[in-house]
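*Asks:* Here you go, one structure.
Number of protein chains: 2
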Amino acid sequence: MSDEDPSDSGWFEGTDREDAEAVATAIRGESADAPFDWPTRAVETGFADDENDYYSLLHGATMRVTREAIREREQSDDQQLKRTIRAMDDCQRVANELAERVSEWAKSKREDAGAGVEYTRQLADEDDADESLVSLACRVRDLDDEAADLRRHVERTAPEVAPNLSALAGPVLAARLVALAGGLEALARKPAGTVQVLGAEEALFAHLRGHAPSPKHGVIYAHEAVQGTHPEHRGSAARALAGKLTIAARVDHYSGERKPELDAQLAERIDRIQEREVE
Amino acid sequence: MSDEDPSDSGWFEGTDREDAEAVATAIRGESADAPFDWPTRAVETGFADDENDYYSLLHGATMRVTREAIREREQSDDQQLKRTIRAMDDCQRVANELAERVSEWAKSKREDAGAGVEYTRQLADEDDADESLVSLACRVRDLDDEAADLRRHVERTAPEVAPNLSALAGPVLAARLVALAGGLEALARKPAGTVQVLGAEEALFAHLRGHAPSPKHGVIYAHEAVQGTHPEHRGSAARALAGKLTIAARVDHYSGERKPELDAQLAERIDRIQEREVE
Numbered sequence: 083m084s085d086e087d088p089s090d091s092g093w094f095e096g097t098d099r100e101d102a103e104a105v106a107t108a109i110r111g112e113s114a115d116a117p118f119d120w121p122t123r124a125v126e127t128g129f130a131d132d133e134n135d136y137y138s139l140l141h142g143a144t145m146r147v148t149r150e151a152i153r154e155r156e157q158s159d160d161q162q163l164k165r166t167i168r169a170m171d172d173c174q175r176v177a178n179e180l181a182e183r184v185s186e187w188a189k190s191k192r193e194d195a196g197a198g199v200e201y202t203r204q205l206a207d208e209d210d211a212d213e214s215l216v217s218l219a220c221r222v223r224d225l226d227d228e229a230a231d232l233r234r235h236v237e238r239t240a241p242e243v244a245p246n247l248s249a250l251a252g253p254v255l256a257a258r259l260v261a262l263a264g265g266l267e268a269l270a271r272k273p274a275g276t277v278q279v280l281g282a283e284e285a286l287f288a289h290l291r292g293h294a295p296s297p298k299h300g301v302i303y304a305h306e307a308v309q310g311t312h313p314e315h316r317g318s319a320a321r322a323l324a325g326k327l328t329i330a331a332r333v334d335h336y337s338g339e340r341k342p343e344l345d346a347q348l349a350e351r352i353d354r355i356q357e358r359e360v361e
Numbered sequence: 083m084s085d086e087d088p089s090d091s092g093w094f095e096g097t098d099r100e101d102a103e104a105v106a107t108a109i110r111g112e113s114a115d116a117p118f119d120w121p122t123r124a125v126e127t128g129f130a131d132d133e134n135d136y137y138s139l140l141h142g143a144t145m146r147v148t149r150e151a152i153r154e155r156e157q158s159d160d161q162q163l164k165r166t167i168r169a170m171d172d173c174q175r176v177a178n179e180l181a182e183r184v185s186e187w188a189k190s191k192r193e194d195a196g197a198g199v200e201y202t203r204q205l206a207d208e209d210d211a212d213e214s215l216v217s218l219a220c221r222v223r224d225l226d227d228e229a230a231d232l233r234r235h236v237e238r239t240a241p242e243v244a245p246n247l248s249a250l251a252g253p254v255l256a257a258r259l260v261a262l263a264g265g266l267e268a269l270a271r272k273p274a275g276t277v278q279v280l281g282a283e284e285a286l287f288a289h290l291r292g293h294a295p296s297p298k299h300g301v302i303y304a305h306e307a308v309q310g311t312h313p314e315h316r317g318s319a320a321r322a323l324a325g326k327l328t329i330a331a332r333v334d335h336y337s338g339e340r341k342p343e344l345d346a347q348l349a350e351r352i353d354r355i356q357e358r359e360v361e
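Going line by line, the protein sequences match chains A and B. Those letters in the first sequence? Residues 83 to 361, by this note's numbering. Those letters in the second sequence? Residues 83 to 361, by this note's numbering.
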């Protein structure tokens with residue numbers, strides 16, 4: 083009904099009421115500038131039997147449209163990036179947990195047993211009588227490989243989803259920020275001060291309850307701008323970094339264009355902070 | 083020095099002090115009925131240069147012996163059974179955790195996504211475009227397979243390690259009790275009341291702090307004697323079961339002989355409890 087005066091037709095004008103998909107498509111993207119007595123119109127044009135019938139049709143159609151919109155949103159690249167990095171973190175975590183179990187077990191059997199995923203990978207390559215132990219070690223190796231595969235996937239897709247954020251933060255940290263915010267749009271809407279402490283929620287809530295100093299940084303701690311700055315000035319570095327990352331996320335979400343000047347601005351800002359004197 | 087008067091010789095009599103293994107073997111299993119001035123004797127016989135030298139040799143030898151004893155104990159069958167069931171539980175737990183992640187991810191991509199390890203196994207068999215998702219599902223399937231392999235290993239070895247306990251409790255529950263106690267000997271030394279609540283430590287400590295009723299059962303909850311009894315009489319059933327399991331563990335540790343009469347006694351006792359009237 084887009085081109086006509088909305089009062090001339092109903093929301094479902096020209097669709098077959100038995101065809102749920104067509105009805106949903108008809109309602110999606112439609113809009114009207116003014117309210118109008120749609121139920122009466124639908125009954126008058128013979129589309130609905132009565133007002134209840136009209137509302138029941140409308141309910142069905144809007145629910146369908148909502149489900150479709152949610153699915154489309156879920157399938158969007160930033161949501162898939164979020165899933166990928168969460169899966170990567172899970173694989174890494176359980177690989178570490180199981181490696182600890184393998185190492186404990188190995189120590190009960192042999193003097194030269196080491197620890198960690200690295201030792202477990204060595205053990206997995208051994209052709210050994212300790213069948214169960216080596217088999218478990220192989221699973222740990224597979225999980226570690228899976229985490230590496232997922233990391234490569236993140237490294238490939240993050241620059242497509244958020245080019246500026248990935249350039250400034252590196253793809254893995256960019257993906258982590260998107261995941262923590264719940265999506266690129268959600269990240270773009272957050273103030274810089276929130277982005278600065280994403281991933282430090284526990285410390286932040288402890289601070290809000292009055293138990294602890296305010297956290298200086300969350301996951302952006304991993305960034306070289308923070309790592310490479312003397313602890314005394316890390317708060318400043320984290321603040322400057324979070325500010326630029328927030329701008330990058332906004333550019334990525336609202337325009338999608340790559341702005342290399344952001345990288346230079348961040349580098350210059352961090353250089354100046356790192357040049358400050360330390361007492 | 084076993085056959086001689088201990089005061090006639092030193093602890094290391096007749097061994098080469100440079101041969102650490104021989105010195106350790108010499109000291110292991112030796113005993114003396116009365117104290118004696120061993121350091122002086124060692125210096126007199128020319129084995130040690132002085133008292134400090136003697137104690138330093140003794141320290142090295144006893145440390146070595148202790149390490150060997152620990153290793154032997156760790157390699158014992160009950161300790162290996164403990165490791166196996168812990169690894170099995172770990173695999174099952176992380177398979178469930180990762181299956182949850184897979185299911186979340188799958189739901190963002192397809193309408194018909196299910197949940198749990200079972201759905202993840204189905205997904206792993208699919209030849210699909212969602213490469214990362216299916217690859218993660220395969221890891222979950224492998225972990226689930228690993229847990230099943232370890233369960234078979236437990237089912238095979240528990241009856242060898244603890245024949246009576248395995249006959250009464252089933253091999254998996256028997257292994258779980260051995261693991262919770264820290265070994266078969268440790269389990270055999272525990273009173274029945276402790277065996278009854280093994281695995282319910284949290285509830286027990288809450289009770290001891292006065293916050294909660296005393297737990298009726300720990301992992302023995304899984305046994306059919308408890309499961310098949312009306313909740314009103316489950317405390318009695320758990321007590322009776324724990325009593326018999328404790329006896330079984332003691333027979334297994336101290337004699338190792340299979341006593342089929344224990345099974346009959348337990349069955350009879352549980353039958354009588356289950357026949358009790360329920361209010």
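Note that beta-carbon positions come from the ideal geometry of N, C-alpha and C, so glycine has one too.
Pull up the distance between the alpha-carbon of glutamate 200 of chain A and that of glutamate 182 of chain A, whole angstroms please.
*Replies:* Roughly 11 Å between the two C-alpha positions.
*Asks:* In chain order, what residues of the same chain lie with their CB nearer than 6 Å to the CB of alanine 330 of chain B, ignoring the 5 residues before and after it?
*Replies:* For alanine 330 of chain B, where only same-chain residues beyond five positions count, the Cβ hits under 6 Å are Asn246, Leu247, Leu250 and Leu344.
*Asks:* Could you check whether aspartate 172 of chain B and valine 260 of chain B sit closer than 8 Å to each other, using their CB atoms as the reference points?
*Replies:* Taking 8 Å as the Cβ cut-off, valine 260 of chain B and aspartate 172 of chain B do not qualify as a contacting pair.
*Asks:* Where do the N-terminal and C-terminal ends of the alpha helix (DSSP H) with tyrosine 303 of chain A fall, by residue?
*Replies:* Note, tyrosine 303 of chain A: premise wrong, no alpha helix (DSSP H); not H, not E.
*Asks:* Closest Cβ-Cβ distance between tryptophan 187 of chain B and chain A: below 8 Å?
*Replies:* For tryptophan 187 of chain B, the answer is yes, since a Cβ of chain A falls inside 8 Å of its Cβ.
*Asks:* Could you check whether the stretch 179–198 of chain A touches the stretch 137–157 of chain B, counting it as contact only if at least three pairs of C-beta atoms, one from each stretch, sit closer than 8 Å?
*Replies:* Yes: the two stretches touch, three or more of their Cβ pairs being nearer than 8 Å.
*Asks:* To the nearest angstrom, report how far apart tryptophan 93 of chain A and glycine 142 of chain A are at their CA atoms.
*Replies:* One C-alpha to the other measures close to 13 Å.
*Asks:* Taking tryptophan 187 of chain A and arginine 165 of chain B to be in contact with their CB atoms under 8 Å, please state how far apart those CB atoms are, rounded to whole angstroms.
*Replies:* The Cβ separation is near 4 Å, so the contact holds.
*Asks:* Any idea what DSSP makes of arginine 146 of chain B, helix, strand or coil?
*Replies:* In the structure shown, arginine 146 of chain B sits in a helix (DSSP, three-state: H, G or I).
*Asks:* Beta-carbon within less than 7 Å of alanine 169 of chain A's beta-carbon, same chain only, minus the 5 sequence neighbours each way: which residues are those?
*Replies:* Correct list, in chain order: Leu232.
*Asks:* Between the C-alpha atoms of glutamate 350 of chain A and valine 301 of chain A, what's the straight-line distance to the nearest angstrom?
*Replies:* Straight-line Cα distance between these residues: approximately 22 Å.
*Asks:* In chain B, what lies closer than 8 Å to threonine 122 of chain A by C-beta?
*Replies:* Neighbours of threonine 122 of chain A on chain B: none; closest Cβ ~36 Å, over 8 Å.
*Asks:* Could you confirm whether any beta carbon from chain B is found closer than 8 Å to the beta carbon of alanine 331 of chain A?
*Replies:* False, the Cβ-Cβ gap to chain B never drops below 8 Å.
*Asks:* For glutamine 356 of chain A, which residues in chain B fall below 8 Å Cβ to Cβ?
*Replies:* Those within 8 Å of glutamine 356 of chain A in chain B number zero; the least Cβ separation is about 38 Å.
*Asks:* Give the single residue among A:Ile352, A:Ser113, A:Arg291 and A:Leu180 whose Cα lies nearest to the Cα of aspartate 226 of chain A.
*Replies:* Among A:Ile352, A:Ser113, A:Arg291 and A:Leu180, the Cα nearest to that of aspartate 226 of chain A belongs to A:Leu180.
*Asks:* Taking only three categories from DSSP, how would you classify tryptophan 93 of chain B?
*Replies:* Of the three classes helix, strand and coil, the one that applies to tryptophan 93 of chain B here is coil, per DSSP.
*Asks:* Could one say the Cβ of glutamate 179 of chain B lies closer than 8 Å to chain A's Cβ atoms, at least one of them?
*Replies:* It does; some Cβ of chain A falls within 8 Å.
*Asks:* When you check each C-beta in the stretch 223–247 of chain A against every C-beta of chain B, which residues fall closer than 8 Å?
*Replies:* Listed in sequence order: Asp224, Leu225, Glu228, Asp231, Leu232 and His235.
*Asks:* Looking only at C-alpha atoms, which of A:Ser138, A:Met145 and A:Thr127 sits nearest to alanine 106 of chain A?
*Replies:* Checking every option, the nearest Cα to that of alanine 106 of chain A belongs to A:Met145.
*Asks:* Give me the chain B residues within the contact set of threonine 166 of chain A, using Cβ-Cβ distance strictly less than 8 Å, ordered along the chain.
*Replies:* Residues of chain B passing the Cβ test: Ser214.
*Asks:* From which residue to which residue does the alpha helix (DSSP H) around glutamine 347 of chain A run?
*Replies:* Element bounds for glutamine 347 of chain A: 343–356.
*Asks:* Would you kindly work out how many angstroms separate the C-alpha atoms of alanine 274 of chain A and histidine 305 of chain B, rounded to a whole number?
*Replies:* Alanine 274 of chain A and histidine 305 of chain B: Cα-Cα distance of roughly 56 Å.
*Asks:* Where does glutamate 112 of chain A fall in DSSP's three states?
*Replies:* Coil.
*Asks:* Rounded to the nearest angstrom, what separates glutamate 314 of chain B and isoleucine 352 of chain B at their Cα positions?
*Replies:* Distance between the alpha carbons of glutamate 314 of chain B and isoleucine 352 of chain B: 14 Å.
*Asks:* Please name the residue, chosen from B:Arg316, B:His299 and B:Pro253, that lies closest to arginine 238 of chain B on a Cα-to-Cα basis.
*Replies:* Of B:Arg316, B:His299 and B:Pro253, the residue nearest in Cα terms is B:Pro253.
*Asks:* Can you give me the C-alpha to C-alpha distance between histidine 41 of chain A and glycine 264 of chain A, rounded to a whole angstrom?
*Replies:* Residue 41 of chain A lies beyond the range of chain A shown here (83 to 361); nothing can be said about it.
*Asks:* Mind checking the stretch 249–281 of chain B against chain A and listing, in chain order, the residues whose C-beta falls within less than 7 Å of any C-beta there?
*Replies:* From the stretch 249–281 of chain B, no residue has a Cβ closer than 7 Å to chain A.
*Asks:* Helix, strand or coil for serine 337 of chain B, going by three-state DSSP, please let me know.
*Replies:* Serine 337 of chain B: coil per DSSP, three-state reduction.
*Asks:* Expressed to the nearest angstrom, what Euclidean distance is found between the alpha-carbon atoms of glutamate 359 of chain A and arginine 316 of chain A?
*Replies:* Their backbone Cα atoms lie some 13 Å apart in a straight line.
*Asks:* Measure the Cβ-Cβ separation of leucine 163 of chain A and valine 243 of chain A and say whether it is below 8 Å.
*Replies:* In contact: leucine 163 of chain A and valine 243 of chain A (Cβ atoms closer than 8 Å).
*Asks:* For serine 113 of chain B, does the count of other Cβ atoms within 10 angstroms reach 16, so buried, or fall short, so exposed?
*Replies:* Classification of serine 113 of chain B: exposed, given that the 10 Å Cβ count is below 16.
*Asks:* Can you pull the chain B residues whose beta carbon is under 9 Å from the beta carbon of glutamine 157 of chain A, in chain order?
*Replies:* In chain order: Ser190 and Lys191.
*Asks:* When you compare the CB of glutamine 174 of chain B with every CB in chain A, is at least one pair closer than 8 Å?
*Replies:* No, because no Cβ of chain A sits closer than 8 Å to the Cβ of glutamine 174 of chain B.
*Asks:* Go ahead and pull the three-state DSSP assignment for aspartate 377 of chain A.
*Replies:* Residue numbering for chain A in the displayed model covers 83 to 361; residue 377 of chain A lies beyond these limits and cannot be assessed.
*Asks:* CA-CA distance, leucine 255 of chain B and glycine 310 of chain B?
*Replies:* So the alpha carbons of these two residues sit roughly 16 Å apart.
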